[in-house]
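Going by the numbering used here, the sequence shown opens with residue 5, and the numbers climb by one from there.
Glycine included, every Cβ here is placed at the ideal spot set by N, Cα and C.
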Amino acid sequence: MTDTADIAIVGGTIVDGTGAPGRPGTVVVEGDRLRLLPANVPAPPAGRTIEATGQVVAPGFIDLHSHGGLVILDDPLHEPKVRQGVTTEVVGVDGNSFVPFPNRDDLDAFIEMDAGLDGDPPVAHDWNSVASLLSRYDNNVSLNVATLIGNSALRIAALGWDDVPADDAAVNRMRAMLREGMEEGAVGLSSGLDYPPGAYATTEELAALADEAGRAGGFYHTHVRYTLGDRYLDPFREAIEIGRRASAPAHITHFYHRETYPGGPEALLELVDRARDRGEDVTFDSYPYEWANTRLLIQLPIWVQAGGPGPLKERIADRTTRDRLRAELGARGAAYTSTAGWADVRLGAFRNPANLQWESRTLADVMRQTGRDLVDTLCDLLLSEDLRISQVTSGPWLGGMRQFAAHPHGMVGTDSTFIGEKPSPRTYGSFPRILGQFVREEALFSLEEAVRKMTSAPAARLGLEERGTLRDGALADIVVFDPATVRSTATYDEPRSYPVGIETAIVNGALVVDGGEHTGATPGRGIRLGRD
Ligand SMILES: [Zn+2]
């Protein structure tokens, strides 16, 4: 131990992430590690002393669902996240990871098909494994990045892009790639059962892969099959069943209740509680905003998307396919084909000059102004942008969201997306909204409990032992915020707005946010499972 610390944070209330009551004290940072001093011990001389009277000093927040994996390579400061106090985020979510891709053409095609969700920034696609992607993050980005392995990536490598069943040999190929990726540091398996080709996987196939992830010390992170069965409880029953059959922890991501569901949020949360009563390790994350955000492509049935971006584009250019789509969508009811039914779909991320007029406008606006019907509008827009369009739509019912946020096994996944003029406000405001609205204004749960759900709970889910709590010797990921003023300012109409009340964020011992401004530092690391 040296006599002079790098940073001393004095005068604040330490909320250590375990859920224990806040207490006065000093947090000392030396190199990339921290130690704690009680309030009655004088702080050591430090290169930098941060006065935190009236502020909370907590472990940096851990985000269990981010679409930042590619865009951060182009914009390493990742300001929407670090300004919230996020110091670690999980990418490769929704089955859509950028590893492993042994074949470079497949990676390029995958990035094209997924660009309306994860973006397509101008960076070289020069990795082909978990190890080589994680090394791209080391000391090159402002926060720590952990990656899951998506079952779409595994399927593309083992089976191609088509809607075909996986035989034993294909499952074994996927298991081997997953095992290798986890040995290189991936934290688990993800699925996104609305997104082809991962959506073509059966329950059994997913259970086999989740089993492999569990054996390697990882977990199963799932965007469930929302179209399954009753479209209410059945999708989540399948997720829990996969965890049970695999003996792997099952983590339901962006878990929420939709107002259109036939029952309330209680029945959804009861599925989790009952599974836990049976001894199954089921957890979830949620984001506290009403607005969902994904790629516009999700509006097309999964059969249209078979074969990858090339065949998909050929298909939607074809009259016969469009007629079949018209019949299929028409059968879902009038709301599915009327212009009014699409007023809720806000479009973004256009690049074709002819389409820039549609940025932040709704699908209904485009249909009205062009006089085209739903199918022609969707297909023409997607073709003219090489599929790269994002959408913001209504999602969680905020009334029910409070129950998810307060549940002891609920954590935070921002589901942050970074493209387009107006992404969902969840990208900029999820963590501060919980602290400002749910904790301070509505007193739904304590500040210590909120911090636990944002730090030690997700660290445990990810198998991180040296992050997520403030204790002697832990890695120094730290946030300092004002509990009296912290709040989100991001809204549906003005989503790109930073929160207030979060003055300091430290990643691996380096100041990334100082005085509420980004320092330009990029001390983040690729997280390797078991090695933090
Ligand atoms: Zn997502």
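Same chain, Cβ closer than 6 Å to residue i, five either side skipped, listed in chain order
i      : result
PRO427 : ASN297, THR421 and PRO499
LEU397 : The amino acid occupying residue 397 in the given sequence is Thr; Leu does not appear at that position. Same-chain partners within the cutoff: ALA296, ASP348 and VAL349.
ALA478 : LEU38 and GLU470
HIS225 : LEU152, GLY192, SER194, HIS255 and THR257
ALA339 : GLY345
MET5   : At MET5, the pLDDT of 47 sits below 50, so the modelled position is not reliable; the number obtained from the coordinates is stated separately. Around MET5: no qualifying Cβ.
VAL75  : GLY123, PRO125 and PHE422
PRO239 : VAL228, ARG229, TYR230 and LEU232
THR418 : ASP67, TYR291, ARG430 and SER434
VAL60  : THR17, VAL19, PHE485 and PRO487
Distance, residue j Cα to residue i Cα
i      : j      : result
VAL378 : ARG37  : Here the sequence assigns Leu to residue 378, which means Val is not the residue at that position. The straight-line gap from Cα to Cα measures roughly 55 Å.
ASP112 : TYR236 : 35 Å
LEU272 : GLU83  : 34 Å
ASN144 : ALA214 : 31 Å
GLY440 : ARG330 : 45 Å
GLY26  : ALA353 : 43 Å
ARG326 : PHE442 : 46 Å
VAL168 : THR381 : 29 Å
PHE485 : THR495 : 21 Å
VAL416 : PHE65  : 9 Å
SER290 : LEU360 : 32 Å
ASP497 : THR343 : 21 Å
ALA203 : SER101 : 14 Å
ILE115 : GLU263 : 33 Å
PRO28  : THR17  : 5 Å
GLY58  : GLU34  : 24 Å
ALA463 : GLY472 : 5 Å
ARG278 : GLY120 : 37 Å
THR374 : ASP130 : 41 Å
ASN148 : ASP322 : 44 Å
ASP518 : LEU197 : 40 Å
GLU363 : ILE393 : 10 Å
VAL490 : ASP172 : 52 Å
ILE244 : ALA212 : 14 Å
LYS317 : VAL175 : 29 Å
ALA358 : LEU385 : 10 Å
ALA9   : ARG456 : 27 Å
GLY73  : MET178 : 22 Å
GLY337 : GLY267 : 21 Å
ALA190 : LEU137 : 10 Å
ILE13  : ALA47  : 9 Å
ARG140 : VAL94  : 15 Å
TYR265 : ASP234 : 9 Å
THR493 : GLY89  : 15 Å
Close beta carbons around residue i, own chain, < 7 Å, minus the five adjacent residues each side
i      : result
MET146 : Inspection of the sequence shows that residue 146 is occupied by Ser rather than by Met. The answer, listed in chain order, is PRO80, LEU81, HIS82, VAL86, VAL511, VAL516, ALA525, THR526 and GLY528.
ASN356 : SER388 and GLU389
GLU294 : SER398, GLY399, PRO400 and LEU402
GLU452 : VAL19, GLY23, ALA24, PRO25 and GLY26
ASP78  : PRO125, PRO126 and VAL127
LEU210 : ASN155, SER195 and ILE246
PRO305 : GLU332
DSSP bridge partner residues for residue i (one or two, in chain order)
i      : result
GLY530 : VAL149
ARG159 : Its beta-bridge partners do not exist; DSSP assigns none.
ARG37  : GLU34 and LEU479
GLU184 : Beta-bridge pairing links GLU184 to no other residue.
ASP369 : Answer is none; ASP369 lacks a bridge partner.
ASP518 : GLU521
ARG27  : ILE18
SER394 : ARG299 and GLY352
ALA506 : The question names Ala, but residue 506 is Ile in the sequence shown. DSSP, once it has assigned bridges, lists PHE485 as partnering ILE506.
LEU316 : DSSP lists no partner for LEU316.
ALA9   : ALA50
SER420 : SER70
ARG535 : ARG535 pairs with nothing; no bridge assigned.
VAL511 : ALA514
ARG500 : Answer is none; ARG500 lacks a bridge partner.
ARG491 : VAL504
MET415 : ASP289
Residues near residue i in its chain [Cβ-Cβ closer than 8 Å; skip 5 each side]
i      : result
ALA220 : LEU182, ARG183, MET186, GLU187 and LEU533
ARG406 : PHE442, GLU446 and LEU448
PRO104 : ASN132, SER133, VAL134, ILE153, ALA157, LEU158, ALA161, MET181, GLU184 and GLY185
SER460 : GLY21, THR22, GLY23, PRO63, GLY472 and THR473
ASP395 : One point to set straight first is that residue 395 is Gln, not Asp, in the sequence displayed. The answer, listed in chain order, is GLY120, ASN297, THR298, ARG299, LEU300, ILE302, GLN303, VAL349, ARG350, LEU351, GLY352 and LEU367.
Which residues are close to ligand 1, meaning CB closer than 6 Å to any heavy atom, in chain order? HIS69, HIS71, VAL97, ASP98 and ASP419
For a minimum of 3 consecutive residues, which ranges assigned as the beta strand (DSSP E) are wholly contained in the segment 246-307? 254-256, 286-290 and 295-299
My parser needs the alpha helix (DSSP H) runs of 4 or more residues fully inside the segment 30-99; what are they? 75-78 and 83-86
Runs of alpha helix (DSSP H) lying entirely within the segment 108-149, each at least 4 residues, in chain order: 108-122 and 134-141
Which complete alpha helix (DSSP H) runs does the segment 175-232 hold, if anything under 4 residues is left out? 207-219
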